[in-house]
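**Student:** Pasting in a structure now, in structure tokens, and then I'll have a few things to ask.
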Amino acid sequence: MQEAARKVMIIGGGITGLSAAFYVQKLFKEKGVPVEITLVEKSGKWGGRIETLRRDGFVLEKGPDSFLARKLPIIELSRDLGIENELVGQGAKGKRSYILHHGKLHPMPAGMVLAIPTDLTAFMETGLVSPEGKARALEDLTLPKSEDPGDESLGHFLSRRLGPEVLENIAEPLLAGIYAGDTYALSLQATFPQFKDAEQKYGSLIQGMQESRKASAASAGSQEAIPEAARGSMFLSYRNGLQSLVDALLEALQGVKRLAAAAVKVDRTESGSRVTMENGEVYETDSLILALPNYTMAELLPELPAVQRLGQVDYISVANVILAYNAEEIETSFDGSGFVIPRKEGRFITACTWTSTKWSHIAPPDKVVLRCYVGRSGEEGWTGMTDEEIVRKVKQEVRELMGIEAEPLFHEINRLYRSMPQYPVGHLDQIREARKELQEKHPGVFVTGSGFHGVGLPDCIRQGREAAEECLLHLAGTGTPGRRC
Numbered sequence: 001m002q003e004a005a006r007k008v009m010i011i012g013g014g015i016t017g018l019s020a021a022f023y024v025q026k027l028f029k030e031k032g033v034p035v036e037i038t039l040v041e042k043s044g045k046w047g048g049r050i051e052t053l054r055r056d057g058f059v060l061e062k063g064p065d066s067f068l069a070r071k072l073p074i075i076e077l078s079r080d081l082g083i084e085n086e087l088v089g090q091g092a093k094g095k096r097s098y099i100l101h102h103g104k105l106h107p108m109p110a111g112m113v114l115a116i117p118t119d120l121t122a123f124m125e126t127g128l129v130s131p132e133g134k135a136r137a138l139e140d141l142t143l144p145k146s147e148d149p150g151d152e153s154l155g156h157f158l159s160r161r162l163g164p165e166v167l168e169n170i171a172e173p174l175l176a177g178i179y180a181g182d183t184y185a186l187s188l189q190a191t192f193p194q195f196k197d198a199e200q201k202y203g204s205l206i207q208g209m210q211e212s213r214k215a216s217a218a219s220a221g222s223q224e225a226i227p228e229a230a231r232g233s234m235f236l237s238y239r240n241g242l243q244s245l246v247d248a249l250l251e252a253l254q255g256v257k258r259l260a261a262a263a264v265k266v267d268r269t270e271s272g273s274r275v276t277m278e279n280g281e282v283y284e285t286d287s288l289i290l291a292l293p294n295y296t297m298a299e300l301l302p303e304l305p306a307v308q309r310l311g312q313v314d315y316i317s318v319a320n321v322i323l324a325y326n327a328e329e330i331e332t333s334f335d336g337s338g339f340v341i342p343r344k345e346g347r348f349i350t351a352c353t354w355t356s357t358k359w360s361h362i363a364p365p366d367k368v369v370l371r372c373y374v375g376r377s378g379e380e381g382w383t384g385m386t387d388e389e390i391v392r393k394v395k396q397e398v399r400e401l402m403g404i405e406a407e408p409l410f411h412e413i414n415r416l417y418r419s420m421p422q423y424p425v426g427h428l429d430q431i432r433e434a435r436k437e438l439q440e441k442h443p444g445v446f447v448t449g450s451g452f453h454g455v456g457l458p459d460c461i462r463q464g465r466e467a468a469e470e471c472l473l474h475l476a477g478t479g480t481p482g483r484r485c
């Protein structure tokens, strides 16, 4: 007698949800467990924030534009999908970057590892930090390590180890920029736990990151898992844009039922969950994966206090503006990937990527493409502006900071409302409490996504796979696996 198929529903069609569906399909097949998968996305748009615009020889990303080459989950997924050969690295001219300081662009000091100086000679030569600020940063080499094992804010930690100047002038625009956040509100353990590890192991953040850099250099030539395109490039994309990943996932999920519907209620049943849709349709499922923003997840599980607390994680709204020009009309030279802007500079834009220099595949050779970023924690006034007002302000700052007077051939603006989760101090504890509560009160429901353990594409893919693994173990009757919290 043929074994009955297990029913798995995944709510959320972003990259985490698509990855979860792919790995549920793959892992269940490998274990010989029949499964019926239903993938739900209320917007009907698959891939979440990923959106590649292809026009007139341009390959433009309206959402995320790349991912870290050193993070293997996306490399492994690309290989599983058969699109590994489409990976491309940064252009040769796009590996230098700048920071705005007192209205001028300063090159990033050589040897910076996640905004931490490891080449002290180069650090001492930078104009980004005063002599007093440099002396304070070097105190990290002799300061005692903290004896408090608990979490603290990223800003407090970096200021404690390196001083406020390095934090404000270098670390804040680089590290907080990843989350569009406030370093004094972001959890150290949830964002950069390797910093705390370095302090505890070496007694010095600088020394710890120096050792990390040495280890990375020693293993760079022996990482067979990394494709050739990734070697020597910090960031990767796909030749035809990140949409290639979404398209390949959808192709691999042809046998999966897809619903363009909004889930409004989740109830526990004797064998799993009952999901009610906005249109009144009801679905029974043996296991449920919620790959949603934390606030949406909490709305579906109102009876669970720990889940409600996790749902209070704040999400920041950001936007990006793409400007395309004729190269012959631009006198500015671009010798890097772009620049970031500290809060203290008081600018409207928070960063600018020299996209056509960073990536050789995204524009015809006679064109120049810039991508400017708007919005971060405490600076969301742009949400009340029209597109025309935003573009006018961006062009003004492009003119002031880079001397570009030309009118763009075209522009694209992408508003990403409530897109950047802000992991608070104690975030990992909140996750542990919520998952424990689910295991006790609603087993078979797994929650995941960018609001948990990382906002980058590789992080979301890893979390989707972890949810699929938990789902398989739950339905195989072997309990819930241990998971990094």
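At position 335 of the sequence shown (counting the first as 1) the number is 335 in UniProt numbering, and the numbers step up by one without a gap.
Backbone N, C-alpha and C define an ideal beta-carbon position, used for all residues, glycine too.
Judging by CA-CA distance, which residue of 441, 450 and 53 is the nearest neighbour of residue 413?
**Tutor:** When only C-alpha atoms are compared, the closest one is 53.
**Student:** Note down, in chain order, each residue of its chain lying with its Cβ closer than 8 Å to the Cβ of residue 437, except the 5 sequence neighbours on either side.
**Tutor:** Within the same chain, residue 437 has close Cβ partners 304, 305, 306 and 307.
**Student:** Evaluate the contact criterion for the region 242-262 versus the region 19-37: three or more CB pairs, one atom per stretch, below 8 Å.
**Tutor:** Contact between the region 242-262 and the region 19-37 is present, because at least three Cβ pairs lie under 8 Å.
**Student:** Alpha carbon to alpha carbon, how far is residue 241 from residue 554? Give it in angstroms, no decimals.
**Tutor:** Because the chain spans 1 through 485 in this model, residue 554 falls outside it and cannot be assessed.
**Student:** Using CA atoms only, rank isn't needed, just tell me which of 475, 458, 471 and 397 is closest to residue 76.
**Tutor:** Among 475, 458, 471 and 397, the Cα nearest to that of residue 76 belongs to 458.
**Student:** Assess contact between the region 165-175 and the region 111-129, defined as three or more Cβ pairs (one per stretch) separated by less than 8 Å. Is contact present?
**Tutor:** Contact between the region 165-175 and the region 111-129 is present, because at least three Cβ pairs lie under 8 Å.
**Student:** Checking the sheet assignment: what are the DSSP bridge partners for residue 360?
**Tutor:** Answer is none; residue 360 lacks a bridge partner.
**Student:** Does DSSP classify residue 11 as helix, strand or coil?
**Tutor:** The answer is strand: DSSP assigns residue 11 an E or B state.
**Student:** Taking residue 473 as the reference, give the member of 452, 445 and 460 with the closest Cα.
**Tutor:** Minimum Cα distance to residue 473 is reached at 445.
**Student:** Note the first and the last residue of the continuous alpha helix (DSSP H) segment covering residue 394.
**Tutor:** 387-402 is the span of the alpha helix (DSSP H), which, as asked, contains residue 394.
**Student:** Answer with buried or exposed for residue 137, where buried requires no fewer than 16 other C-beta atoms within 10 angstroms of its C-beta.
**Tutor:** Buried, since its Cβ has 16 or more Cβ neighbours within 10 Å.
**Student:** Within 10 angstroms of the Cβ of residue 432, are there 16 or more other Cβ atoms? Answer buried if so, exposed if not.
**Tutor:** Per the 10 Å Cβ criterion, exposed.
**Student:** Let's test the definition: count the other Cβ atoms within 10 Å of the Cβ of residue 200 and tell me whether it reaches 16, buried, or not, exposed.
**Tutor:** Result: exposed.
**Student:** Give me the Cβ distance between residue 248 and residue 362, rounded to the nearest whole Å; I'm assuming they're in contact under 8 Å.
**Tutor:** At roughly 19 Å, the Cβ-Cβ gap does not stay under 8 Å, so residue 248 and residue 362 are not in contact.
**Student:** What are the boundary residues of the alpha helix (DSSP H) that includes residue 290?
**Tutor:** Careful: residue 290 lies outside any alpha helix (DSSP H), inside the beta strand (DSSP E) at 287-291.
**Student:** From the DSSP output, in three-state form, read off residue 423 for me.
**Tutor:** In the structure shown, residue 423 sits in coil (DSSP, three-state: anything other than H, G, I, E or B).
**Student:** Find out if the Cβ-Cβ distance for the pair residue 46, residue 246 is shorter than 8 Å.
**Tutor:** Yes; because the gap between Cβ atoms is below 8 Å, this pair is in contact.
**Student:** Could you name the residues that DSSP lists as bridge partners for residue 443?
**Tutor:** Bridge partners of residue 443: none, in fact.
**Student:** Can you round the beta-carbon distance between residue 455 and residue 178 to whole angstroms, since I take them to be within the 8 Å contact cut?
**Tutor:** That pair is a contact at about 7 Å.
**Student:** Name the residue from 396, 257, 159 and 91 whose alpha carbon lies nearest to the alpha carbon of residue 334.
**Tutor:** Of the listed residues, the one whose Cα sits closest to residue 334 is 91.
**Student:** Assuming residue 264 is part of the beta strand (DSSP E), what are its boundary residues?
**Tutor:** First-last of the beta strand (DSSP E) with residue 264: 263-268.
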